[in-house]
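Participant:
Number of protein chains: 2
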Amino acid sequence: MAKDRKIDMVILGLLSHDDLTGYDIKKQIDGSIRFFWKGSFGSIYPALSELEKQGSVRRLKGNDSGGREKIIYSITGQGKEILRAWVRDEKASNDLKYETLMKLFFGGVESKETSLRNIEVFEEQIKADLKVLQVYKANIEKALDEEDHVYFYLTILFGIETYEAYLKWCNKARKVLA
Amino acid sequence: MAKDRKIDMVILGLLSHDDLTGYDIKKQIDGSIRFFWKGSFGSIYPALSELEKQGSVRRLKGNDSGGREKIIYSITGQGKEILRAWVRDEKASNDLKYETLMKLFFGGVESKETSLRNIEVFEEQIKADLKVLQVYKANIEKALDEEDHVYFYLTILFGIETYEAYLKWCNKARKVLA
DNA sequence: CCCTTATATATCAAATAGATATATCGTTTT
DNA sequence: AAAACGATATATCTATTTGATATATAAGGG
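Below, the structure written as structure tokens:
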């Protein structure tokens, strides 16, 4: 990963829609892009500081209400240009880290029942996530006329398409093992 | 990631089939499990040293032929037990890092043509990988009687199923954007 | 004989995950 | 009214991992 911080692009991308705090950014990641990307506080807060130093984001007046300090960030013109350049750049790394598949790949060291159980756990998780995605899809289809929503819609379609493929595979896998 | 080293399980899993060098392990990862897991030298070599210290692998006589030093590792009884315990453990983290999808999600900051191009690049990569997977599938179907091959077969089916879903999505995405 | 490619180990900096510490706020329970 | 709790919010630490690079040898081609 030594090279460019991908989390920077997540942050700049989210800030291109709204001014947000680090905590808001984490919430938005967990809520909308978690189906193809994740982010932790341990990467978000240091990245925000770096981006501010670089001049890609700026700190808006926080703390009006006198509560817990709250730092709202806003994207700058420079930040927008960096984001656009990254979107235009054709190269993209697409990595999976599927521990379930790895457990299955090495399933021969244990019983067939163990592998069937691992498939079952995976299947339950996918079914739960698929339900969430279908709710998102129904909601967004009511507001597809707004330009930006189209891009969100595409990523939801991706999630649904792949998760359905996972479920089909679960059924096949069960048959092959039996 | 602070917690358990997943690369340890990749190494123990591969060593449960054959005695291997660090370099061999890297080759096997790139050749067979790269569709759902990746590994770099920077994680493999330190992990091998750690595993040796722990007693999960042991170093076999290297360097008979007098060439570049070559360290062949073998799994121990303890290593096998750690591997089995991990396979039995139901919890598994399944993460995607799809930069293509992220670029698409934030595609609104650039032209529609840019997003279409990003989809095209993704599609070409998937088509190339799918061809490789189909060759693997054809080869392994000739040798499915061997117990361990079934597990390899399942992971190939997973790759094919998901990659075909990606291609279907590419077509849908093009239509939505147009 | 040189050049390239494959084999092979090793290490470093940067990026990230995941855990934890700290503090505040609003709501519910006692 | 106080205590308990969960959500909000920032920050930091360690362990893990990536991706790059350095080093060395062997094999094959021109």
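Chains as they are written, first to last, in our numbering: chain Z, 1 to 178; chain V, 1001 to 1178. Glycine is no exception: its CB is placed at the ideal position from the N, C-alpha and C atoms.
Helix, strand or coil for residue 1144 of chain V per DSSP?
Facilitator: Looking up residue 1144 of chain V in the second sequence gives position 144. Coil at residue 1144 of chain V, not helix or strand.
Participant: Out of Z:17, Z:147, Z:141 and Z:105, point me to the one whose CA is closest to residue 177 of chain Z's CA.
Facilitator: Counting from one through the first sequence, the residue named residue 177 of chain Z turns up at place 177. Nearest to residue 177 of chain Z by alpha-carbon distance, out of Z:17, Z:147, Z:141 and Z:105, is Z:105.
Participant: Pop quiz: residue 96 of chain Z and residue 1036 of chain V are said to be a contact at Cβ under 8 Å. What is the actual Cβ separation, rounded to whole angstroms?
Facilitator: The residue you call residue 96 of chain Z lines up with position 96 of the first sequence. The residue you call residue 1036 of chain V lines up with position 36 of the second sequence. With a Cβ gap of about 5 Å, residue 96 of chain Z and residue 1036 of chain V count as contacting.
Participant: Along the chain, where does the alpha helix (DSSP H) containing residue 1024 of chain V start, and where does it finish?
Facilitator: The residue labelled residue 1024 of chain V in the question sits at position 24 within the second sequence. It spans 1022-1028 - the alpha helix (DSSP H) in which residue 1024 of chain V sits, taken as one unbroken run.
Participant: How would you call residue 23 of chain Z, buried or exposed, if buried means at least 16 neighbouring beta carbons within 10 angstroms?
Facilitator: Position 23 of the first sequence, counting from 1, holds the residue named residue 23 of chain Z. Exposed, because fewer than 16 other Cβ atoms sit within 10 Å of the Cβ of residue 23 of chain Z.
Participant: Against residue 1151 of chain V, what residues of chain Z qualify as contacts under a CB-to-CB distance less than 8 Å, listed in chain order?
Facilitator: Here residue 1151 of chain V refers to the residue found at position 151 when the second sequence is read from its first residue. Under the 8 Å cutoff, chain Z gives 104, 105, 106, 107, 108 and 115.
Participant: Please classify residue 118 of chain Z as buried or exposed, where buried requires at least 16 neighbouring CB atoms within 10 angstroms.
Facilitator: Mapped onto the first sequence, residue 118 of chain Z falls at position 118. Buried, since its Cβ has 16 or more Cβ neighbours within 10 Å.
Participant: Please list, in chain order, the chain V residues whose beta carbon lies closer than 8 Å to that of residue 162 of chain Z.
Facilitator: For the purposes of this step, residue 162 of chain Z is identified with residue 162 of the first sequence, where counting begins at 1. Here the neighbours are 1162, 1165, 1166 and 1169.
Participant: Note down, in chain order, all residues in the region 1015-1040 of chain V with a beta-carbon under 7 Å from any beta-carbon belonging to chain Z.
Facilitator: Residues of the region 1015-1040 of chain V that bring their beta carbon within less than 7 Å of a beta carbon in chain Z comprise 1016, 1033, 1036, 1037 and 1038, in sequence order.
Participant: Please report the straight-line C-alpha distance between residue 1021 of chain V and residue 1154 of chain V, rounded to a whole angstrom.
Facilitator: Here residue 1021 of chain V corresponds to residue number 21 of the second sequence, with the count starting at 1. Here residue 1154 of chain V corresponds to residue number 154 of the second sequence, with the count starting at 1. Each residue's alpha carbon lies about 26 Å from the other.
Participant: Closer than 7 Å by beta-carbon distance: list the chain Z residues that pair up with residue 1147 of chain V, in chain order.
Facilitator: By one-based count along the second sequence, residue 1147 of chain V stands at place 147. Under the 7 Å cutoff, chain Z gives 108.
Participant: List the whole-angstrom C-beta distance separating residue 1110 of chain V from residue 84 of chain Z, where the pair is believed to meet the contact cut-off of C-beta under 8 Å.
Facilitator: Numbered from 1 along the second sequence, position 110 holds the residue referred to as residue 1110 of chain V. Numbered from 1 along the first sequence, position 84 holds the residue referred to as residue 84 of chain Z. About 6 Å separates the two Cβ atoms, so the contact holds.
Participant: Is the beta carbon of residue 130 of chain Z closer than 9 Å to that of residue 159 of chain Z?
Facilitator: Translated into the one-based positions of the first sequence, residue 159 of chain Z becomes position 159. Translated into the one-based positions of the first sequence, residue 130 of chain Z becomes position 130. In contact: residue 159 of chain Z and residue 130 of chain Z (Cβ atoms closer than 9 Å).
Participant: For residue 45 of chain Z, which residues from the same chain have a beta carbon less than 6 Å from its beta carbon, with the 5 sequence-adjacent residues on both sides left out?
Facilitator: The sequence position of residue 45 of chain Z within the first sequence is 45, counting from 1. Taken in chain order, the residues that qualify are 22.
Participant: Consult DSSP for residue 82 of chain Z and reduce its assignment to one of helix, strand or coil.
Facilitator: Locating residue 82 of chain Z in the first sequence gives position 82, counting from the first residue. Three-state result, residue 82 of chain Z: helix.
Participant: Under a Cβ-count criterion, where at least 16 other Cβ atoms within 10 Å of its own Cβ denotes burial, should residue 1135 of chain V be classed as buried or exposed?
Facilitator: Sequence index remark: in the second sequence, residue 1135 of chain V carries index 135 (1-based). Counting Cβ neighbours within 10 Å, residue 1135 of chain V comes out exposed, since fewer than 16 surround it.
Participant: Just by C-beta distance, which residues in the region 72-85 of chain Z are closer than 9 Å to chain V?
Facilitator: 80, 83 and 84
Participant: How would you write the range of the alpha helix (DSSP H) that residue 1095 of chain V sits in, first residue to last?
Facilitator: Within the second sequence, the letter at position 95 stands for residue 1095 of chain V. First-last for residue 1095 of chain V: 1094-1098, but that is the beta strand (DSSP E), not the alpha helix (DSSP H).
Participant: Quick check: what's the CA-CA separation for residue 175 of chain Z versus residue 1060 of chain V?
Facilitator: Residue 175 of chain Z sits at position 175 when you count from the first residue of the first sequence. Residue 1060 of chain V sits at position 60 when you count from the first residue of the second sequence. Approximately 40 Å, taken between the alpha carbons.
Participant: Grab me the residues of residue 58 of chain Z's own chain with a C-beta within less than 6 Å of its C-beta, minus the 5 sequence neighbours each way, in chain order.
Facilitator: Your numbering for residue 58 of chain Z matches position 58 in the first sequence. By the criterion of a C-beta distance shorter than 6 Å, residue 58 of chain Z is surrounded in its chain by 74 and 76, once the five residues flanking it on both sides are discounted.
Participant: Of all Cβ atoms in chain V, is any one closer than 9 Å to the Cβ of residue 139 of chain Z?
Facilitator: Locating residue 139 of chain Z in the first sequence gives position 139, counting from the first residue. No, its Cβ sits nowhere closer than 9 Å to a Cβ of chain V.
Participant: Can you say whether residue 7 of chain Z is buried or exposed, counting buried as having 16 or more other CB atoms within 10 angstroms of its CB?
Facilitator: Counted from its first residue, the first sequence places residue 7 of chain Z at position 7. Result: buried.
Participant: To the nearest angstrom, how far is the alpha carbon of residue 9 of chain Z from that of residue 103 of chain Z?
Facilitator: Here the question's residue 9 of chain Z lines up with position 9 in the first sequence. Here the question's residue 103 of chain Z lines up with position 103 in the first sequence. Each residue's alpha carbon lies about 32 Å from the other.
Participant: Using the Cβ count rule (16 or more neighbours within 10 Å means buried), how would you classify residue 143 of chain Z?
Facilitator: Looking up residue 143 of chain Z in the first sequence gives position 143. It is exposed - the Cβ of residue 143 of chain Z has fewer than 16 other Cβ atoms within 10 Å.
Participant: Excluding the five sequence neighbours on either side, which residues of its own chain have a C-beta within less than 6 Å of the C-beta of residue 29 of chain Z, listed in chain order?
Facilitator: As a first step, residue 29 of chain Z is located in the first sequence; it is residue number 29 there, counting from the start. Excluding sequence positions up to five before and after residue 29 of chain Z, its CB lies within less than 6 Å of the CB of 39, all in the same chain and listed in chain order.
Participant: Below 7 Å on C-beta distance, what does residue 1088 of chain V contact in chain Z?
Facilitator: Taking the second sequence and counting its residues from 1, the one referred to as residue 1088 of chain V is at position 88. Chain Z residues near residue 1088 of chain V: 110 and 114.
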